[in-house]
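Structure first, then comments.
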Amino acid sequence: MSDSTAQPVQAGSATEFSHPLLRILARDLNVADDLLQAPHEQMDQAHGDLSALKQLLVKDKVVTEEIFQQAVARMFGLDYHPHLDQADLLPEFTKTIPIRFAKKFHFFPTSMDEETLWVAIENPQEFEPVDDVGRKLKRRVQLLISTHQSILSLINRAYDRAEETTDDVIEGIDTGDEGMSAGLGIEEPEDLLDARDEEPIKKLLNNILYQAARGNASDVHIEAGAAEVVVRFRIDGILHTVTTLPKAIQLPLTNRIKIMSRLDISQRALPQDGRTLILIAGRKIDIRVSTLPTVNGEKTVLRLLYQDQEMFSLRQLGMPESIHTDMRRLIRQTGGIILVSGPTGSGKTTTLYAVLNEIDRRAKNILTIEDPVEYKIAGYVQTEVNPKIGLTFANALRSVLRQDPDVIMVGEMRDQETALIAIQAALTGHTVFSTVHTNDAPATVTRLVDMGIEPYLVSSTVMGVLAQRLLRRICKECKQAFKPDGALLSELGIGDGEAGAYETVYKGSGCTACRGTGYTGRIGTFELLLLNDAVKKVLRQTNEANLIREVAQSEGMISMRHHGLELIKNGITTIDELLQATRDN
């Protein structure tokens, strides 16, 4: 390999780089010379090492990982496979290669025949471990290049223990009380797919958590019945029963969860709250645990917070264009309160983070106060309330105001004290975002007045209230058209003159992709109340929500029900979903 510290030389109009991979990027993959100049000058730090060079190029976003890996493949004369979905998952591979070994050197076989073993690898410079596997399997090794995530996904699929049923797991569990907690110490987070030889009760819980994470469940309910234990997952806002366990499993399973979340296993008469952090297939999940005594034993609920979940943008939330435009205008204003309302599980926190995502975090000091912190994001100062030690929303907000904030996000406005401090912050030039548990946008204004906030303070600080619900999306795999019943349309408030627009609507018939529900994923339906002069005038006279709604709609406010009707017309959701989630105002 050429001296990595050599300077590029000019060859006609193109820059020649000393490192062959840089030359491939410039000549074959059309990466601009000026983008590669800085990495070239730092090559003395890389010493030709591909991992170091990848850090220089990919981490600094000079090229994507896909382009970098293509260049690696060309440099070594190997095939590039961006996707490994069709790879063979042969038992010989998982029996021969420990999963930690495969993850450490980041390679895994994709197939083999009588003579050759094909292996996907990220960095072909680290080929010695692959040669060891080839010798064990008595095959000649043929390398191919892929991306880090594709290889990791292949490894996780290969070691996926999902085929092991719950019945298989519980067969080996000793259900006696004595000694169940022995040896179940609190350990550091480990990837559940890495752990293979372990206690049956740990195996059972790992299996439940893996299935929940694979289905993107938000909650796991372990409910104690008189004769059995029922496990349910909340997926897309709906609880689904996934399995039932023998009654004898209840105590050891509950104890295992308590140990993981640092709760007292001897305390069964009082509710307890805890938390733990786990890894599943490389996916970090923060779990909030709640136990509740019942007549049949303790019920346990685990809230799963996926730390790798990407933040949405306002555009991705599916707002009507008019609401999206108004929200962006409100966000750009300085000094004031913007509220998001809706019941628990309606996506309020996701919307707040989408709003914060519109603000330049490099130019603004953004602080959040949450219960709990659902998305841990670089560039934000995030505080989690802890009422047990006196760190309430109000106390945290007082302290945050001494941290020179530009933007403050308060997870929830629960009481008068928090609301008054937020109003004071808005009056002194800070932008405050928060949530309120109310049915719609006008009711949020009413709720603040009912808390004891003077109407003039509400009208002078609150700029807008966004109310929302989440509607399940129709499954694309089993989506079918049908003619709705006239009674349903009437229930939606659609008269005979409008019925023609709904002559054909859609629903899901149910399939394996949607677990027979007819739905996959969710989308929001929104309404935005702007506190303009007309609304403020009414608020000074009354805090009656219906009167505020009438004035707001006369000023152009679109209701959640109206937005939902557009989603029905566009075949995104169903009439039943809209009727269940919204009411006609």
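According to the numbering used here, the stretch in the sequence shown is residues 1 to 585, in order. Just so you know, even glycine gets a beta-carbon here, dropped at the ideal spot from N, CA and C.
Assuming residue i contacts residue j under a Cβ cut-off of 8 Å, what Cβ separation, rounded to an integer in Å, is found between them?
i: N546; j: P455; result: N546 to P455, Cβ: 16 Å. No contact.
i: G237; j: L152; result: With a Cβ gap of about 30 Å, G237 and L152 do not count as contacting.
i: A102; j: I155; result: 5 Å
i: L50; j: Q125; result: 5 Å
i: I121; j: V133; result: No, I121 and V133 are not in contact; Cβ-Cβ is about 11 Å, not under 8 Å.
i: G524; j: L317; result: 5 Å
Please state if the CB of residue j and the CB of residue i are separated by a distance shorter than 8 Å.
i: V295; j: I257; result: no
i: I558; j: Y502; result: no
i: I389; j: I423; result: no
i: W118; j: L144; result: yes
i: R472; j: R522; result: yes
i: F526; j: L466; result: yes
i: L305; j: D326; result: no
i: L21; j: V72; result: yes
i: V505; j: I575; result: yes
i: L279; j: L204; result: no
i: L314; j: V355; result: yes
i: G336; j: T428; result: no
i: E384; j: V373; result: yes
i: L448; j: L565; result: no
i: S266; j: R275; result: no
i: L251; j: T291; result: no
i: I235; j: G215; result: yes
i: I24; j: R74; result: yes
What residue range does the alpha helix (DSSP H) around residue i cover?
i: T349; result: K348 to L356
i: K136; result: E128 to L137
i: L448; result: A441 to D450
i: M327; result: E321 to R332
i: R540; result: D533 to Q541
i: E96; result: Per the sequence shown, residue 96 should be read as Thr rather than Glu. Unbroken alpha helix (DSSP H) run through T96: P91 to T96.
i: V72; result: E65 to F76
i: M592; result: Here the chain covers residues 1 to 585 and nothing more, so residue 592 does not appear.
i: S554; result: A545 to S554
i: G486; result: G486 to E491
i: I523; result: First-last for I523: Y519 to L530, but that is the beta strand (DSSP E), not the alpha helix (DSSP H).
From the DSSP secondary-structure annotation, give me the bridge partner or partners of residue i.
i: T294; result: G297
i: F393; result: Beta-bridge pairing links F393 to no other residue.
i: T241; result: R232
i: Y306; result: I285
i: H221; result: R232 and V301
i: M409; result: T368 and F433
i: N386; result: L391
i: V381; result: L367
i: S591; result: Since the first residue shown for the chain is 1 and the last is 585, residue 591 is missing from the structure and cannot be characterised.
i: R472; result: R522
Would you give the residue range spanned by the beta strand (DSSP E) that residue i belongs to?
i: T110; result: F107 to M112
i: R23; result: Premise fails: R23 lies in the alpha helix (DSSP H), P20 to R27, not in any beta strand (DSSP E).
i: E454; result: No beta strand (DSSP E) holds E454; DSSP gives it neither H nor E.
i: Q480; result: K479 to F482
i: S509; result: Careful: S509 lies outside any beta strand (DSSP E) and carries neither H nor E.
i: Q142; result: R140 to I145
i: I575; result: No beta strand (DSSP E) holds I575; the alpha helix (DSSP H) holding it covers I575 to A581.
i: I121; result: T116 to I121
i: A226; result: That residue, A226, is in no beta strand (DSSP E); it is neither H nor E in DSSP.
### Message
For the structure I just gave you, are there three or more beta carbon pairs, one from the stretch 396 to 416 and one from the stretch 435 to 448, closer than 8 Å?
### Response
yes
### Message
Is it the case that the stretch 485 to 501 contacts the stretch 375 to 385, given that we only count it when at least three CB pairs across the two stretches are under 8 Å?
### Response
no
### Message
Contact between the stretch 395 to 408 and the stretch 517 to 537 is defined here as three or more beta-carbon pairs at a separation below 8 Å; is this criterion met?
### Response
No: fewer than three Cβ pairs fall under 8 Å.
### Query
Do the stretch 457 to 465 and the stretch 337 to 350 meet, that is, are 3 or more Cβ pairs less than 8 Å apart?
yes
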